[in-house]
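Q: Let me begin by handing over the structure; questions about it come next.
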Amino acid sequence: MDPTLTRIAEAEIEAEEAGARPASPWRNRKLVAGAVIVGVILVSTFIGGLVWDTTLARAATSPLNLPPFWVDGGSMDHPLGTENSGRDMLALIVVGSPTTLRVGLIVALISMLVGVVLGFLAGYLGGAVDAVIRILSDTAMTIPTLAIMIVIAAYIPEMNATTMALIIAVFAWAGPTRMIRAQVLSMREQGYVRMARLSAVSDTEIMFREMLPNLLPYLAASFIGGMSGGILAAVGLEALGLGPQRVPTLGMIVSQAIEGSAILRGMWWWWGFPAIILMVIFIGLFLIAIGLDEIANPRLRGART
Amino acid sequence: MGDDLPRPLGPAELSRRRFLQGTAGFALVPITATLAACEGGSPSPGGEGDGDSRRARTLRLPITSRIASPNLWNPMAPGMRDDAGFQCALSEPLFMLNYETSEIEPWLGEEFTPNETLDVWTLRIRDGITWSDGEVYDADDVVFTIELLRTGPAEINFAHAIEMQKWVRSVRKVDPLTVEFTLTAPNPRFQLDYFSVKIFRSIVILPEHIWAGQDPLTFENYDPEQGWPVFTGPYKLASASENLVTWERDPNWWGAKAGFQELPEPEFIEFEAAETEEILVARASNNEFDFLDDITTGAYETMHGRNESMVSWNPDRPYSWADPCTRLFSFNTALAPWDDRDMRWAVNFAVDKDEIVDIAYEGSTTKAAMFFPPYEGLERYVQLLEDEGVFEEFPILEHDPDRAAQLIESKGWTRSGDGYYTLDGRELTLQIDTPTEATELSRYAEVIAEQLERVGIRASLRRLAFPTFADNIKLGEFEAASDFSACGSVSEPWYSMDLYHQRRVAPVGQASGGGATTTGGNGVRWANAEYSRQVDAMASLPLGDPRIDEHFVAAAREYLRDLPFFAAAHAKKLYSHNTTYWTGWPSREDAYIQPPVVWNSSHRIIHNLQRA
């Protein structure tokens with residue numbers, strides 16, 4: 001027997017002997033920690049939007065190049081400082097953080113939707129359908145996506161957060177498709193699927209009513225991973241100056257800091273704060289993904305300690 | 306093991322490894338940049354002239370991008386990089402316009418004079434000039450070059466071919482040092498526009514003995530064994546690669562032998578690629594470069610704090626020198642509602658030009674009432690408008706949001722609940738095009754967009770790659786733009802004004818212009834018959850003729866009444882010179898010529914440099 005499974009079984013027996021019910025796998029510490037981190041960011045920016053003047057995120061609304069309030073020359077009027085076009089850093093972060101998360105959310109939604117449909121079709125139906133989808137997704141994964149996204153972004157008349165998310169999503173479907181296809185290939189030979197097939201249940205019902213619920217933890221983990229990937233790609237585009245023009249995002253702030261020689265000028269607050277927020281978001285999403293991964297995979301759960 | 310087998314369960318294709326790689330990569334960007342910037346923390350120990358080392362005998366200049374074709378030294382061919390020594394080391398001009406005095410100074414040419422009707426020009430070349438291979442430079446070379454431009458394909462030589470085809474009916478050698486040009490029409494600016502380095506470059510005369518029989522579009526003009534490229538400058542090409550071009554002083558330079566000028570002091574000139582402002586500033590702080598071409602105010606102040614030998618044109622703010630291409634805000638006057646001059650004036654009243662200077666330029670430039678650079682020869686004309694009371698009639702520099710609102714509302718627009726004007730259910734919007742490559746243009750466009758939002762116009766920015774941006778202006782496929790399409794006048798007003806002549810207007814979708822600028826001319830599609838008549842009247846008057854004044858004022862009134870575009874600010878170039886190894890740089894106090902170092906007029910600077 002797999003030693004990991006043995007450990008899990010032993011742990012469950014110990015728990016039962018101690019009179020406790022087995023802990024719900026959803027009470028995973030990493031999942032909870034990640035959700036709290038992302039939640040705090042969202043709640044903070046939501047509250048920030050209520051209590052702070054977000055119009056200060058526009059150019060020419062504040063004095064230029066002020067440091068944070070605890071540094072000489074700083075002011076409580078702009079607690080996190082300002083940058084070289086007179087934008088308030090706190091307002092930029094309050095407006096930019098949810099926008100950045102929204103980009104990730106759109107990318108993840110689209111890529112997962114396409115991935116679920118294509119992955120199920122390929123994995124369950126097999127044959128020519130599988131061959132075509134597999135070739136398409138394998139080909140898509142070999143494309144140097146950042147280079148192509150740069151070209152596409154350069155030709156977009158007016159870039160906003162949604163447009164950018166759609167561009168990224170165009171290239172983000174191949175990964176989920178391959179992952180889901182592999183899982184479906186494994187699941188379609190399981191007893192309950194065979195039974196459903198023998199009971200003359202339609203293929204669509206088998207795929208999306210019988211098999212899909214069993215994949216939900218994987219899909220959730222994949223969704224979070226897609227979100228992180230979407231944010232990362234968006235930050236890459238924005239850092240190259242190809243992001244939205246007037247809607248602040250964390251990547252756009254970093255891009256403007258690069259253009260404005262912030263590091264050279266010692267304006268650490270200009271790139272430092274958005275970079276910290278981005279890292280916190282990534283860590284939060286990463287923890288959520290690991291947590292979901294452990295929920296879906298007993299081997300990982302057992303090896304946790 | 307094939308793809309058909311299930312993969313280990315995990316968060317899909319954004320695997321943990323890829324995720325961590327990406328995150329680490331992102332985190333490394335600021336760290337790497339910080340380290341790079343820190344490299345330039347203090348000047349090198351050899352920062353006091355460094356004795357007689359190679360560095361002390363070398364003028365080191367940066368180029369901001371790598372050279373795609375380092376072996377291409379054909380100024381007729383598209384793609385030749387002429388900012389890596391071609392203009393300031395290798396080829397010399399016939400004449401050079403001094404922006405500071407508005408005088409045309411002789412170099413290879415001695416004089417260039419028109420007849421009374423301004424349609425026959427006679428060029429007199431300096432005696433004793435030789436090419437770097439020893440052959441004599443004479444009238445035959447000039448005639449050969451002009452004939453090549455006149456009869457060659459339009460693609461050659463930075464649009465000079467088009468101008469020669471337009472203006473030169475015939476060119477002939479009178480004697481070995483004299484050439485006569487017969488023009489198709491009177492042109493008082495023939496010498497100024499094409500032979501005097503008006504902006505950056507002018508027509509390059511070619512050695513006939515090398516170029517005869519060559520295809521002007523495919524000839525590389527590079528053969529180290531034969532000593533090519535051959536021109537008349539005081540430096541010869543020593544080596545060229547994508548990143549570094551080295552020029553070595555030619556001890557046999559004609560100018561020293563003929564008693565025209567002494568050999569320049571720098572024995573070598575090196576151009577090295579340094580692609581970002583951080584790298585440029587860090588390396589200049591470390592005395593690795595002797596000149597920086599336009600950096601931001603903050604970067605300059607940081608660099609000057611680290612290395613006081615790095616100085617600017619102006620010792621104090623604004624540190625910069627004014628570039629000839631005044632920055633504009635242009636409307637497409639073929640599109641409603643911007644086809645209405647009141648709406649354009651409303652935008653002008655909504656724009657606070659002081660704020661543009663303070664925010665977008667961080668105080669490194671000045672406001673501009675007209676679309677001319679602030680050079681002596683043109684300031685006279687702007688002052689003329691002031692004296693005539695034209696600016697009282699048309700308060701172009703006034704920031705008056707109430708007046709803007711009044712003008713917009715007079716056209717039936719009403720401000721809706723969300724603060725934007727609407728008319729018949731349509732919101733008042735303005736999309737501003739700006740080129741991706743030019744941060745300066747984007748920054749003032751951003752500020753203008755915010756100012757328009759404040760008065761109720763929903764403004765948006767569209768960043769485009771420069772070729773697309775320029776094409777859109779030519780074709781009229783834009784609503785508004787931050788641009789510099791009036792670029793051209795430096796010492797007289799006609800050239801820039803003629804770019805907005807009604808003959809250049811084309812329907813939307815067809816290229817406007819005919820001008821040598823990248824945006825063609827009159828991309829705003831403004832047709833004003835009276836303006837055009839006045840500009841035509843100026844066209845054939847000799848430079849400096851007092852009769853120009855009345856036509857200029859009349860044309861300016863038409864322009865200001867209609868306001869198809871307005872000046873956002875004078876263009877700034879914050880050049881920085883390093884005095885560690887070389888002194889004698891031009892400055893506001895010693896303005897013997899304009900400060901760019903890689904122009905064809907920069908020979909004056911190179912010859913003026915002395916070892917520190």
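Those protein sequences? They're chains F and V, same order as listed.
Our numbering puts the first sequence at residues 1 to 305.
Our numbering puts the second sequence at residues 306 to 917.
Every residue gets a Cβ at the ideal spot worked out from N, C-alpha and C, and that includes glycine.
Model, not experiment: these values are computed from the prediction.
Is there a Cβ of chain V sitting closer than 8 Å to that of F/Ser-85, yes or no?
A: Start at 1 with the first residue of the first sequence, and residue 85 of chain F comes out as number 85. Yes, F/Ser-85 lies at the interface with chain V (some Cβ there is under 8 Å from its Cβ).
Q: Could you list the residues in the stretch 57-83 of chain F with a C-beta less than 8 Å from some C-beta on chain V, going in chain order?
A: Arg-58, Ala-59, Ala-60, Thr-61, Leu-64, Asn-65
Q: Taking the beta strand (DSSP E) that V/Asn-403 falls in, what are its first and last residues?
A: Position 98 of the second sequence holds residue 403 of chain V. Element bounds for V/Asn-403: 400-403.
Q: Mind checking which residues open and close the beta strand (DSSP E) that includes V/Gly-414?
A: Taking the first residue of the second sequence as position 1, residue 414 of chain V is located at position 109. Per DSSP, V/Gly-414 belongs to the beta strand (DSSP E) from 414-419.
Q: Is it true that the CB of V/Tyr-880 sits closer than 8 Å to the CB of V/Phe-594?
A: Residue numbering aside, residue 594 of chain V sits at position 289 when the second sequence is read from its first letter. Residue numbering aside, residue 880 of chain V sits at position 575 when the second sequence is read from its first letter. Not a contact, by the Cβ cut-off of 8 Å.
Q: Which residue wins for smallest C-alpha separation from V/Trp-472, given the options V/Arg-611, V/Lys-478, V/Val-425?
A: The residue you call residue 472 of chain V lines up with position 167 of the second sequence. Among V/Arg-611, V/Lys-478, V/Val-425, the Cα nearest to that of V/Trp-472 is on V/Val-425.
Q: Which residues in chain F have a C-beta closer than 7 Å to the C-beta of V/Ala-754? List them in chain order.
A: Locating residue 754 of chain V in the second sequence gives position 449, counting from the first residue. The answer, in chain order, is Arg-246.
Q: Do F/Arg-102 and F/Arg-58 come within 8 Å of each other at the CB atom, strictly closer than that value?
A: Locating residue 58 of chain F in the first sequence gives position 58, where the first residue counts as 1. Locating residue 102 of chain F in the first sequence gives position 102, where the first residue counts as 1. One thing to note: F/Arg-58 has its Cβ no nearer than 8 Å to the Cβ of F/Arg-102.
Q: Can you round the beta-carbon distance between F/Ala-172 and F/Gly-243 to whole angstroms, since I take them to be within the 8 Å contact cut?
A: Along the first sequence, read from residue 1 onward, the residue named residue 172 of chain F stands at position 172. Along the first sequence, read from residue 1 onward, the residue named residue 243 of chain F stands at position 243. Wrong, their Cβ atoms sit about 17 Å apart, outside the cutoff.
Q: Give every residue of the same chain whose Cβ lies closer than 6 Å to the Cβ of F/Asn-297, excluding the five residues on either side of it in the sequence, and list them in chain order.
A: Position 297 of the first sequence, counted from the start, is the residue given in the question as residue 297 of chain F. There are no such residues.
Q: Counting only C-beta atoms, is F/Glu-259 closer than 8 Å to chain V at any point?
A: Along the first sequence, read from residue 1 onward, the residue named residue 259 of chain F stands at position 259. Output row for F/Glu-259: interface = yes.
Q: When DSSP labels each residue in this structure, what does V/Phe-500 get in the three-state scheme?
A: The residue labelled residue 500 of chain V in the question sits at position 195 within the second sequence. Reduced to three states, the DSSP call for V/Phe-500 is helix.
Q: My output table needs one value for V/Gly-345: the three-state DSSP class, helix, strand or coil.
A: As a working note, residue 345 of chain V is residue 40 in the second sequence. The pLDDT assigned to V/Gly-345 is 41, lower than 50, so where the model puts this residue is not dependable; a value taken from the coordinates is nonetheless given after this. Here V/Gly-345 sits in coil by DSSP.
Q: Name, in chain order, the residues that DSSP records as bridge partners for V/Asn-883.
A: The sequence position of residue 883 of chain V within the second sequence is 578, counting from 1. Its beta-bridge partners are V/Met-615.
Q: Which chain V residues sit within Cβ distance under 8 Å of F/Gly-241?
A: The count along the first sequence starts at 1 and reaches residue 241 of chain F at position 241. The answer, in chain order, is Thr-741, Arg-768.
Q: With 16 other CB atoms within 10 Å as the buried threshold, where does V/Pro-493 fall?
A: As a first step, residue 493 of chain V is located in the second sequence; it is residue number 188 there, counting from the start. The C-beta of V/Pro-493 has 16 or more other C-beta atoms within 10 Å across all chains shown, which makes the residue buried.
Q: DSSP three-state label for V/Ala-917, please.
A: Your numbering for residue 917 of chain V matches position 612 in the second sequence. In this structure, V/Ala-917 counts as coil in the three-state DSSP scheme.
Q: Assuming the contact rule is C-beta atoms closer than 8 Å, V/Met-401 and V/Arg-893 should be a hit. Round their C-beta distance to whole Å, please.
A: Sequence index remark: in the second sequence, residue 401 of chain V carries index 96 (1-based). Sequence index remark: in the second sequence, residue 893 of chain V carries index 588 (1-based). Contact check for V/Met-401 and V/Arg-893: beta-carbon distance about 20 Å, past the 8 Å limit, so the pair fails to qualify.
Q: Exposed or buried, F/Trp-70, counting other C-beta atoms within 10 Å across all chains shown (16 or more means buried)?
A: Residue mapping note: residue 70 of chain F aligns to position 70 of the first sequence, counting from 1. That one is exposed.
Q: Residues of the stretch 199-220 of chain F with a CB closer than 8 Å to any CB of chain V: list them in chain order, please.
A: Taking 8 Å as the Cβ-Cβ cut-off against chain V, the residues of the stretch 199-220 of chain F that qualify are Tyr-218.
Q: Give me whichever residues DSSP pairs with F/His-78 in a beta bridge.
A: Locating residue 78 of chain F in the first sequence gives position 78, where the first residue counts as 1. Note: F/His-78 sits in a beta bridge opposite F/Ser-75.
Q: In whole angstroms, what is the alpha-carbon distance linking F/Glu-205 and F/Leu-125?
A: Indexing the first sequence from 1 puts residue 205 of chain F at position 205. Indexing the first sequence from 1 puts residue 125 of chain F at position 125. Cα to Cα, the separation comes out at about 13 Å.
Q: Check the Cβ of V/Ala-604 against every Cβ in chain F and list those closer than 8 Å, keeping chain order.
A: As a position in the second sequence, residue 604 of chain V is number 299, starting the count at 1. Within chain F, the residues near V/Ala-604 are Ser-261, Leu-264, Arg-265.
Q: Please report the residue range of the alpha helix (DSSP H) in which V/Pro-529 lies.
A: In the second sequence, residue 529 of chain V corresponds to position 224, counting from 1. It is not in any alpha helix (DSSP H) - V/Pro-529 carries neither H nor E in the DSSP assignment.
Q: What residues in its chain sit with their C-beta under 7 Å from that of V/Asp-570, if we drop five residues either side in the sequence?
A: Numbered from 1 along the second sequence, position 265 holds the residue referred to as residue 570 of chain V. The sequence given here has Glu at residue 570 of chain V, not Asp. A distance below 7 Å between beta-carbons, with the five flanking residues on each side excluded, links V/Glu-570 to the following residues of its chain, in chain order: Leu-914, Gln-915, Arg-916.
Q: Which chain F residues are close to V/Arg-695, counting only those with a beta carbon under 7 Å from its beta carbon?
A: Walking along the second sequence from the start, residue 695 of chain V turns up at place 390. A small fix is needed here, since residue 695 of chain V is Val in this sequence, not Arg. Those do not exist, as V/Val-695 stays about 29 Å from chain F at its closest Cβ, beyond 7 Å.
Q: For F/Glu-238, would you say it is in contact with chain V, using Cβ-to-Cβ distances shorter than 8 Å as the test?
A: Position 238 of the first sequence, counted from the start, is the residue given in the question as residue 238 of chain F. Not closer than 8 Å to any Cβ of chain V, the Cβ of F/Glu-238 fails to qualify, so no.
Q: Using DSSP's beta-bridge definition, name the partner residues of V/Phe-486.
A: As a working mapping, residue 486 of chain V is identified with position 181 in the second sequence. As a beta-bridge residue in DSSP terms, V/Phe-486 pairs with V/Trp-426, V/Val-476.
Q: Assess contact between the stretch 141-150 of chain F and the stretch 171-191 of chain F, defined as three or more Cβ pairs (one per stretch) separated by less than 8 Å. Is contact present?
A: Yes, the stretch 141-150 of chain F is in contact with the stretch 171-191 of chain F.
Q: Could you tell me which residues DSSP puts in a beta bridge with F/Thr-99?
A: Stepping through the first sequence from its first residue, residue 99 of chain F is reached at position 99. DSSP output for F/Thr-99 lists no bridge partner at all.
Q: Hey, how far is the Cα of V/Asn-905 from the Cα of V/Gly-781?
A: Residue mapping note: residue 905 of chain V aligns to position 600 of the second sequence, counting from 1. Residue mapping note: residue 781 of chain V aligns to position 476 of the second sequence, counting from 1. Distance between the alpha carbons of V/Asn-905 and V/Gly-781: 33 Å.
Q: So, is the C-beta of V/Gln-839 closer than 8 Å to a C-beta in chain F?
A: Position 534 of the second sequence, counted from the start, is the residue given in the question as residue 839 of chain V. So no, V/Gln-839 is outside the interface.
Q: Looking at F/Thr-82: is its Cβ nearer than 8 Å to the Cβ of F/Met-89?
A: Start at 1 with the first residue of the first sequence, and residue 82 of chain F comes out as number 82. Start at 1 with the first residue of the first sequence, and residue 89 of chain F comes out as number 89. Contact: yes.
Q: Report all residues from its chain with a CB closer than 7 Å to the CB of F/Val-95; omit the five preceding and five following residues, and keep chain order.
A: Within the first sequence, residue 95 of chain F is the residue found at index 95, counting from 1. Excluding positions up to five away in sequence, the list reads Thr-54, Ala-57, Pro-248.
Q: Consider the Cβ of V/Ile-762: report whether some Cβ of chain F lies at a distance smaller than 8 Å.
A: Along the second sequence, read from residue 1 onward, the residue named residue 762 of chain V stands at position 457. Taking a beta-carbon distance threshold of 8 Å, V/Ile-762 does not count as an interface residue toward chain F.
Q: Checking contacts by CB at 8 Å: is V/Ile-368 closer than that to chain C?
A: Of the protein chains in this structure, namely F and V, none is chain C.
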